[in-house]
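A short write-up of the structure that comes next.
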Amino acid sequence: MKTTMKIRFAFLLCLISSYGFTQTQTNKIPFAGLWMNERYVTSIHTEKSPFKAQKVGEISSIEIPVSNDTIALGWNFHEGETVKMVKTKNGYLLRHFDATQTPLTLQYLEKEKKLKVGKEFFVKVPSATTENFLNALLFKGNYQLGTQTVTFALNGKLTGLGKTLYYRPQFDFLGGGLQQDVMSISNTPDFEKYTDYLYTFKGNTLTLYQVNCLEGDPQTKECYKAKKGKEVYRFVKK
């Protein structure tokens, strides 16, 4: 996966501290956590393809701390910003730190267990972060590979293939790179060295293929266009 595609919108959390914002709310926010665009989550569950699900509303995620009124918005899984959440009579306003921008309205729909921001709806992904939400939504679980049991853990660990590996599915398809579903697998959690695989997830079967590169940069080895090569793994989810 090319370097720019490794960018994770988790950097938004770092922005919060870098601006020196203080926690001005003493009460815990009842709907704290990671909220994902509902249309994206629905597509992931039905199509099982992050590439196909990419085309959602501009706001892809909302990260709300437990007791902080400065929250992070993810934009198309590629960029983001921090905004200040202000309580109003009918809900909340999300005020941009650029005062020239129009605030967004936020409502917590407790009965439906959803957030509504503008005209978009968001659903909470329990135990997920902006790094592992695809693991939580799609990959986490035990699989059968022949007689072996292979586990894709929420934290990105991949066990059952002889030694502990680490997996990372791509979710950001803006800015180039392979416009296909890609999973990187590494021997180390820092992904200093890794191997990319194209994959399909149909029914309960996850199949990984070698990347047959058709066009790329000969110097950086970055691949721009590829097709599925030899099948490497076929995991059947239990």
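Residue numbers (this note's numbering): 45 to 282.
All C-beta atoms in this analysis are idealised placements derived from N, C-alpha and C, irrespective of residue type, glycine included.
A direct Cα-Cα distance of roughly 41 Å separates aspartate 142 from glutamine 263. Annotated three-state conformation of histidine 140 is strand, per DSSP. If the five residues before and after alanine 197 are omitted, its C-beta is found closer than 8 Å to the C-beta atoms of Asn179, Lys184, Thr203, all from its own chain and listed in chain order. Annotation: the continuous alpha helix (DSSP H) that includes phenylalanine 95 extends over 94 to 97. Excluding sequence positions up to five before and after glycine 77, its CB lies within less than 7 Å of the CB of Ile108, Lys168, all in the same chain and listed in chain order. Here the alpha carbons of tryptophan 119 and leucine 218 stand approximately 11 Å from one another. Per DSSP, the unbroken beta strand (DSSP E) holding valine 194 starts and ends at 192 to 196.
When beta bridges are read from the DSSP output, glutamine 151 appears opposite Lys160.
At the C-beta level, valine 280 and asparagine 248 come within 9 Å of one another.
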